[in-house]
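Line order of the protein sequences matches chains A and B.
To get this note's numbering, take the position in the first sequence, counting from 1, and add 9.
To get this note's numbering, take the position in the second sequence, counting from 1, and add 9.
Here a beta-carbon is modelled for each residue, glycine too, at the ideal position from N, C-alpha and C.
Number of protein chains: 2
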Amino acid sequence: MTRESLKNGRARGLVVNAGNANAFTGFRGREAVEAIMSRVAAHLDCDPGEVFVSSTGVIGVPLPKDKANAGLQAAFDSSPCSWEEIATTITTTDTFPKGAAASAIVGGKTVHLSAIIKGSGMIAPDMATMLGYIFTDAAVEPGFLQEILSAANLRSFSCITVDSDTSTSDTVLAFATGKAGNAPLASFDDPGVDAFAAALNDICLQLAHLVVRDGEGAQKFIEIEVTGAVSDDSARRIGLSIANSPLVKTAIAGEDANWGRVVMAVGKAGEPADRDKLAIRFADKWVAQAGLAVDSYNEAPVTEHLKGAEIRIGIDLGLGAGRATVWTCDLTHGYISINADYRS
Amino acid sequence: MTRESLKNGRARGLVVNAGNANAFTGFRGREAVEAIMSRVAAHLDCDPGEVFVSSTGVIGVPLPKDKANAGLQAAFDSSPCSWEEIATTITTTDTFPKGAAASAIVGGKTVHLSAIIKGSGMIAPDMATMLGYIFTDAAVEPGFLQEILSAANLRSFSCITVDSDTSTSDTVLAFATGKAGNAPLASFDDPGVDAFAAALNDICLQLAHLVVRDGEGAQKFIEIEVTGAVSDDSARRIGLSIANSPLVKTAIAGEDANWGRVVMAVGKAGEPADRDKLAIRFADKWVAQAGLAVDSYNEAPVTEHLKGAEIRIGIDLGLGAGRATVWTCDLTHGYISINADYRS
Chain A
10 MTRESLKNGR
20 ARGLVVNAGN
30 ANAFTGFRGR
40 EAVEAIMSRV
50 AAHLDCDPGE
60 VFVSSTGVIG
70 VPLPKDKANA
80 GLQAAFDSSP
90 CSWEEIATTI
100 TTTDTFPKGA
110 AASAIVGGKT
120 VHLSAIIKGS
130 GMIAPDMATM
140 LGYIFTDAAV
150 EPGFLQEILS
160 AANLRSFSCI
170 TVDSDTSTSD
180 TVLAFATGKA
190 GNAPLASFDD
200 PGVDAFAAAL
210 NDICLQLAHL
220 VVRDGEGAQK
230 FIEIEVTGAV
240 SDDSARRIGL
250 SIANSPLVKT
260 AIAGEDANWG
270 RVVMAVGKAG
280 EPADRDKLAI
290 RFADKWVAQA
300 GLAVDSYNEA
310 PVTEHLKGAE
320 IRIGIDLGLG
330 AGRATVWTCD
340 LTHGYISINA
350 DYRS
Chain B
10 MTRESLKNGR
20 ARGLVVNAGN
30 ANAFTGFRGR
40 EAVEAIMSRV
50 AAHLDCDPGE
60 VFVSSTGVIG
70 VPLPKDKANA
80 GLQAAFDSSP
90 CSWEEIATTI
100 TTTDTFPKGA
110 AASAIVGGKT
120 VHLSAIIKGS
130 GMIAPDMATM
140 LGYIFTDAAV
150 EPGFLQEILS
160 AANLRSFSCI
170 TVDSDTSTSD
180 TVLAFATGKA
190 GNAPLASFDD
200 PGVDAFAAAL
210 NDICLQLAHL
220 VVRDGEGAQK
230 FIEIEVTGAV
240 SDDSARRIGL
250 SIANSPLVKT
260 AIAGEDANWG
270 RVVMAVGKAG
280 EPADRDKLAI
290 RFADKWVAQA
300 GLAVDSYNEA
310 PVTEHLKGAE
320 IRIGIDLGLG
330 AGRATVWTCD
340 LTHGYISINA
350 DYRS
């Protein structure tokens, strides 16, 4: 429903519920959303199409109308609350509320961006759909806001993974009120647009990293930098292949500098790669170069690095100028505990 | 090297070593294989190209020549041993030796097939490459043997997965001695070819299932049957998407009838699917049909089924006649323990 409304580029209200994803519920699910849109539209005196609705939680169970109505009434009656309270309300398996802020100077006006996100794995339509909302007082034309948000998404939310499972309900929405009073941004030629885009990029990256840091069972935050690929897209696919490999993720959990598993994950990406040009490093220590283990390789500093909570892996393919950085977390007993025992 | 020799379609010797995969070792690795081929060829009085070599184990470490030579000498000196002894010798992380046998009547002659395999995950070039060898006394033309082996592979080894990680070194070879004295099989029109192909299919399926049953940390054997897809290929891709989903595999480990995760995995396969036609069952109990939870759904018998060691999941897409069956295992704490602590 919200996907249809998005085309209009205008929103007055946003409703987010946690606990029930209202997915795989057929016409009953659609009716439930229409009822929420109508009720909020009446309250705000706007068009139902200007009310956006997101749901996260268990799937296959129709949204309970009584609970939805009671929730809406409570929202209508309450006084404004903090971003942190909102971020806390929409959590499900998240272990902490997640928010980020940034600002920029656009045409002499300071504009602010505030954002919240929930998600602790790309792992829905279960209890962990990623839902992110970015709000700014900058004036930005809707179509152009979508354009720069999509660009920011490609280098942030599209570059993170927890367990390779992806949600059909993953959502990131940006809202611009225009209250800051800047001349509306409508193209990359407008003054101040670079500063605003940089702030939006920054906030998306902050949010994306928070989701990975709260990855189910995560104990280590892993950054994978791929260089020398035939294109940026190819680099990103190789990075995600490594980031999604259970063997790489368990090796990191075990603090094991097992670069053979990284070689395997590069191979299974199916992207252009040449074994005899491949180089791999942990932090800044090259462990393999030109298709061979580095002769002078000393495992001690690498093992020390792997004992930390922030792991960096670098892969150079030696083929071209394509590059990408992706982020993930390790795969631990905690992930199994959370997901093997979750619903029951 | 063996890939090049395969083109000739003739083999006299097969050497398999476990403990060192001789992969990512560059020219030194190639030299080591050439030395083995020459030495065995001299012993058997054949061409070096008729000696096939497979290696499995740690990667990035050149094959130690002294150990290889000592192993060859021991093999030359020893008396013939049983299939089980051979199957045991080539294990790495396998928890039991794996073999299978079958027979068929071809042109009035009984032909035998014996096979061994090692692998407990599609998870190399680490210590768990899948290496399978099928031996038969039937007479079969090399090109035709490859053809029916490839067909059998498509419905067996290509339909299993343990953790989505795949090995570049996975190998299945078939050898036919012709000792049975049947008229050589050379095409699908030859008498007895159906019986031989059926026996070969059967033995491949037995071997493939053994690998899944020995999947790292596996406690449950999962069969996923996909019907109603637009094609058999599409059905297989959807089946593997479900079989590779960490969320589906942890749900089964937790004995949780969480069919929402199956819906998610169907969605992420990216194959044609229509939510409003999708049906899902555990064993023979439909839990969702036509895009909705089944009204009469009673979870008790499904939960009972999930407590067993053999789990069956069915997905009907309602779109066409495409079908496939794939097999996998659950994802447990055991998998994490094995792979987070493996090399060190």
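Counting C-beta atoms within 10 angstroms of its own C-beta, residue 247 of chain B has 16 or more neighbours from the protein chains shown and is therefore classed as buried. For residue 165 of chain B, the closest alpha carbon among the candidates B:337, B:121, B:346 is that of B:337. Using a CB distance below 8 Å, the part of the region 269-298 of chain B facing chain A consists of 269, 270, 272, 273, 274, 276, 277, 284, 285, 297, ordered along the chain. If one requires a minimum length of 3 residues, the beta strand (DSSP E) runs lying completely within the region 58-83 of chain B are 60-67, in chain order. For residue 47 of chain A, there is no enclosing beta strand (DSSP E); the enclosing alpha helix (DSSP H) covers residues 35-53. In this structure, the straight-line span from the alpha carbon of residue 121 of chain A to that of residue 111 of chain A is close to 6 Å.
Relative to the Cα of residue 31 of chain B, the nearest Cα in the group B:13, B:284, B:138, B:286 belongs to B:138. In the three-state scheme derived from DSSP, where H, G and I count as helix and E and B as strand, residue 270 of chain A is classed as helix. Chain A has no Cβ within less than 8 Å of the Cβ of residue 310 of chain B.
For the pair residue 173 of chain B and residue 258 of chain A, the Cα-to-Cα distance works out to about 13 Å. CA-to-CA, the gap between residue 211 of chain B and residue 143 of chain B works out to about 12 Å. In summary, residue 103 of chain A is buried, with 16 or more beta-carbon neighbours lying within 10 Å of its beta-carbon over all protein chains present. Neighbourhood of residue 69 of chain B in chain A, by CB distance below 9 Å: 268, 269, 272, 296, 297, 301, 302, in chain order. Cα atoms of residue 331 of chain B and residue 243 of chain B: separation of roughly 7 Å, rounded to the nearest angstrom. Three or more Cβ pairs closer than 8 Å define a contact, and the region 146-161 of chain A falls short of that threshold against the region 224-242 of chain A. The Cβ atoms of residue 226 of chain B and residue 342 of chain B sit closer than 8 Å to each other.
Between residue 260 of chain A and residue 29 of chain B, the gap from beta carbon to beta carbon reaches 8 Å or more. Residue 294 of chain A: not part of any alpha helix (DSSP H); member of the beta strand (DSSP E) spanning 294-298, first to last residue. Ranking A:47, A:49, A:34, A:56 by CA distance to the CA of residue 17 of chain A puts A:56 first.
Nearest CB-CB separation between residue 341 of chain A and chain B: below the 8 Å threshold. For residue 213 of chain B, the secondary structure class from DSSP, reduced to helix, strand or coil, is helix. Take residue 118 of chain B, set aside five residues on each side of it, and the residues of its chain with a beta-carbon closer than 7 Å to its own are 189, 190, 191, in chain order. For residue 245 of chain A, the enclosing alpha helix (DSSP H) stretches over residues 241-252.
Under the 8 Å criterion on CB atoms, residue 73 of chain B is classed as non-interfacial with respect to chain A. Closer than 8 Å to the CB of residue 345 of chain A there is at least one CB belonging to chain B. Ranked by how close their Cα comes to the Cα of residue 61 of chain B, the residues B:50, B:198, B:54 have B:50 in first place. Interface annotation, residue 255 of chain B: in contact with chain A, CB-CB separation under 8 Å. By the Cβ test, the region 298-308 of chain B is in contact with the region 33-53 of chain A, since at least three Cβ pairs between them sit closer than 8 Å. About 16 Å separates the beta carbon of residue 272 of chain A from that of residue 294 of chain A, a gap too long to meet the 8 Å contact definition.
The residues 327, in chain order, have a CB closer than 6 Å to that of residue 286 of chain B in the same chain once the five nearest residues on each side in sequence are set aside.
With fewer than 16 neighbouring CB atoms inside 10 Å of its own CB, residue 88 of chain B falls in the exposed class. Using a Cβ distance threshold of 8 Å, residue 20 of chain B and residue 184 of chain B count as a contacting pair. The C-beta of residue 263 of chain B comes closer than 8 Å to at least one C-beta of chain A. Between residue 345 of chain A and residue 340 of chain B the beta-carbon gap is near 7 Å, inside 8 Å, which marks them as a contact. Between residue 263 of chain A and residue 317 of chain A, the alpha-carbon positions lie close to 12 Å from each other. For the region 78-114 of chain A, not one full-length beta strand (DSSP E) segment reaches 3 residues or more.
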